[in-house]
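Below is one structure, written out as structure tokens, with a few remarks after it.
Number of protein chains: 2
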Amino acid sequence: MKKVLVVLLLIFVNQLIAQKNEPVATGNYVLVIHGGAGTILKSQMTPQREEVYMNALKKALRIGYSILKNGGTAIDAVEATVRVMEDDPLFNAGKGAVFTNEGKIELDAAIMNGADLTAGAVAGVTTIKNPVSAARAVMEKSNHVMMIGGGAEKFAKTVGLEIVDPSYFFTDDRWNGLLKAKMEDSLKQNIYRDSTKRSFYQFNNKDDKFGTVGAVALDQSGHLAAATSTGGMTNKKFGRVGDVPIIGAGTYANNYCAVSCTGYGEYFIRLVMAKSVADLIELKNLSLKEAANIMIMKKLPALGGDGGLIAVDKNGNFTMPFNTTGMYRGYIKADGGMEVKIYKD
Amino acid sequence: MKKVLVVLLLIFVNQLIAQKNEPVATGNYVLVIHGGAGTILKSQMTPQREEVYMNALKKALRIGYSILKNGGTAIDAVEATVRVMEDDPLFNAGKGAVFTNEGKIELDAAIMNGADLTAGAVAGVTTIKNPVSAARAVMEKSNHVMMIGGGAEKFAKTVGLEIVDPSYFFTDDRWNGLLKAKMEDSLKQNIYRDSTKRSFYQFNNKDDKFGTVGAVALDQSGHLAAATSTGGMTNKKFGRVGDVPIIGAGTYANNYCAVSCTGYGEYFIRLVMAKSVADLIELKNLSLKEAANIMIMKKLPALGGDGGLIAVDKNGNFTMPFNTTGMYRGYIKADGGMEVKIYKD
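As you go down the protein sequences, you meet chains A and B in turn.
Numbering follows our numbering, in which position 104 of the first sequence is assigned residue number 104; successive positions increment by one, without gaps.
Numbering follows our numbering, in which position 85 of the second sequence is assigned residue number 1085; successive positions increment by one, without gaps.
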């Protein structure tokens, strides 16, 4: 009789834990990253350029892996990993950010800790070397979640983050990208003068004008975290902000999964992409892969958008779906097994 | 046999429609509004002041009602209703916005059309008379969803919205509010010098430093829409942005429901409040009331936050839960039946 009671009690306690979905320390860990999705064609790449990208992704993965391997937290791992990509001019974030219509750079970033649902984000910042670290400072050193523009920069300075002159972000590649985008825009305006807004949307959508970097991780304690950083769209106007710094859209983490998105941000905001993936898992009992596929392969194209995401769940399952021609991406598992990819499988 | 086939076909078609959850034109319509939740104590109000608030809420409801009654769209109704409240110095939005730490005003607003999941938002704007209309212009006259700061103002000017000198937003009440908040903050810093961040959070949270206006509507065609507008927190620093302009957090609408939130915005962002309500309905088959109650009465206080929301579903059911002492709120139904309230029932 006593035994039966004990068993019943154990079942009850287990159920309580299951309901609360507390993280379980399994010792397993994994890190997944992306460097942006878009029109990435093998025909327009050289083997040399491919290798440069692959090596950059591997470098970022190794930094985050060393943190996770040594028992570090998921939030530390995603921040450090994104910083590496922010510092690399290859990616549209931090150093490699694209230019706005006015020839400036405006950076957005967000970070979220699934363990306690704390989050931080900055948008429209122009002098912070590593926006992802500013997002983390907002999360941990203020009682706010989001700061924008000059106010966010003031805060970053106050907490001692590295501030750089806007010229730090200048790269020839991105400047030429802006010139090209402006040229194309003026051509388009002639061709599409009478077009509807809809076709304008679609036309723009075919361009490779966006890029983002992101990381999601599960640590040995069973905690999840996500971070994303971007320079936004080349030639963007009017202080446009995409999905990256919007908690729930481009970045989200709870105790079920961690998600970081890349793509045509407006569609990701309208779909509240990252939170939708998490809710399909929590409320519909879908697998991470099923949830992410529904959002990226069905809901996103149904609205006319494109892009991709990376996600990891509490059991260490991960997925990297995209509906564009390519997405810079990669993962590293607890056993050190690492893979980086650019095009579709 | 033919009859059976026809019936089966009809069932199949109905199921297809049910899966797609297309809006059904029932001729029913409803408008629900809020003017902010917080520490609103009957002991600190006079019957005269109560009446002034009630009349302001009724005025806003009547404007939106006339649009819905005449067959207008939900999106037109929520925009017009929020504009009335933005123009009223009683509410912390538009004309009645509170001051930042620097003695400026920074306005945020968002709008979303459930019919096609289009959305628009502005944040940190200082010269746009009606931010909700700027949000709508972003939604309909740009290919973006969110614009911030000076860029958003430039865009508003470009599309012909009314621009005002920042002095337009000056009210004695709000200025005194800032002076009081600064005084209290310096006192708190002395008292709570050694306090943990957590208690700082909670202490602030007890203040009535936030306020927002919002409207949600169902129109005769069965479409849903939501709009929210705010001046943010009194004495806010560093370009802080709350949940209002975050699609999915303070504002969200699809074909299941429309939601507008008010409260301590940081918690609403972390919970992705408005989208969470919608997902509990869509993915868990909860009623609107059940979904909103879980979020406002359980998830929000569990995290340490407070506030409320208004929501309406596709069948015209509506709910107005809050976990603070009061929330300025009201509704008007198709039969003209109207009610406005301030405190708990």
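Don't be surprised by glycine CBs; every beta carbon is placed ideally from N, CA and C.
All values derive from a computational prediction rather than experimental measurement.
- Chain-ordered listing is empty here: chain B has no CB closer than 7 Å to the CB of alanine 80 of chain A, the nearest sitting near 23 Å.
- Bounds of any alpha helix (DSSP H) do not take in methionine 147 of chain A; it lies within the beta strand (DSSP E) bounded by 146-148.
- Residue pairing of arginine 1240 of chain B in beta bridges, as defined by DSSP: A:Met147.
- Distances from the CA of alanine 226 of chain A to each of A:Gly150, A:Ala60, A:Val78, A:Glu51 were compared; the closest alpha carbon is that of A:Val78.
- Each residue's CA atom was taken as its position, placing glycine 1035 of chain B and alanine 274 of chain A some 30 Å apart.
- For leucine 107 of chain A, the closest of A:Ala334, A:Gly231, A:Gly242 by C-alpha to C-alpha distance is A:Gly231.
- Cβ proximity to chain B below 7 Å picks out Asn143, His144, Val145, Met146, Met147, Ile148, Gly149, Gly150, Gly151, Ala152, Lys154, Phe155 from the segment 143-168 of chain A.
- For arginine 1062 of chain B, the closest of B:Lys1344, B:Asp1335, B:Asp1165 by C-alpha to C-alpha distance is B:Asp1335.
- Residue environment for valine 277 of chain A: buried (at least 16 other C-beta atoms within 10 angstroms of its C-beta).
- Below 8 Å, too few C-beta pairs join the segment 255-263 of chain A and the segment 1261-1273 of chain B to call them touching: fewer than three.
- Per the DSSP secondary-structure output, asparagine 113 of chain A pairs in a beta bridge with A:Thr118, A:Ala225.
- In terms of Cβ geometry, leucine 178 of chain A and asparagine 235 of chain A form a close pair [threshold 7 Å].
- One Cα belongs to alanine 1097 of chain B, the other to proline 1089 of chain B, and the distance between them is close to 8 Å.
- Within chain A, no residue has its CB atom less than 9 Å from the CB of arginine 1049 of chain B, the nearest being about 30 Å off.
- Secondary structure remark: continuous beta strand (DSSP E) runs of at least 3 residues inside the segment 280-336 of chain A, in chain order: 307-313, 326-333.
- Across the structure, aspartate 1185 of chain B and asparagine 1101 of chain B are spaced so that their CA atoms are roughly 11 Å apart.
- Methionine 147 of chain A is classed as buried because its beta carbon has at least 16 other beta carbons within 10 Å across all chains shown.
- Across the segment 254-287 of chain A, CB contacts with chain B closer than 8 Å involve Gly265, Glu266, Ile269, Arg270, Leu271, Val272, Lys275, Ser276, Asp279, Leu280, Leu283, Lys284, in sequence order along the chain.
- When secondary structure is reduced to three states using DSSP, serine 1186 of chain B falls in the helix class.
- Against chain B, the CB of isoleucine 111 of chain A has no partner CB under 7 Å away; the residue lies outside that interface.
- Between tyrosine 1053 of chain B and tyrosine 1328 of chain B, the C-beta spacing is below 7 Å.
- The contact set of glycine 248 of chain A on chain B, defined by CB atoms closer than 7 Å, consists of Gly1248, Ala1249, Val1272, Lys1275 in chain order.
- Residues of the same chain with a CB within less than 8 Å of the CB of lysine 1104 of chain B, apart from the 5 flanking positions on each side, are Thr1126, Pro1166 in chain order.
- Taking the Cβ atoms as the reference, valine 1024 of chain B lies roughly 5 Å from glycine 1222 of chain B, within the contact range of under 8 Å.
- Aspartate 313 of chain A places its beta carbon 7 Å or farther from that of leucine 68 of chain A.
- Considering only beta carbons, the part of the segment 116-137 of chain A lying closer than 8 Å to chain B consists of Leu117, Thr118, Ala119, Ala123, Gly124, in chain order.
- Where valine 78 of chain A is concerned, the enclosing alpha helix (DSSP H) starts and stops at 74-86.
- Per DSSP, the continuous alpha helix (DSSP H) segment holding glycine 265 of chain A begins and ends at 265-270.
- Put simply, of B:Ile1247, B:Tyr1029, B:Asp1173 the residue whose alpha carbon is nearest the alpha carbon of lysine 1095 of chain B is B:Asp1173.
- Chain B places no beta carbon closer than 7 Å to that of glycine 71 of chain A, leaving this residue out of the contacts.
- Shortest Cα-Cα distance from valine 1159 of chain B to any of A:Ser43, A:Phe238, A:Gly248, A:Gly304 involves A:Phe238.
- In this structure, isoleucine 1310 of chain B places its C-beta atom within 7 Å of the C-beta atom of valine 1216 of chain B.
- Ranked by how close their Cα comes to the Cα of proline 321 of chain A, the residues A:Asn255, A:Asn315, A:Ala291 have A:Ala291 in first place.
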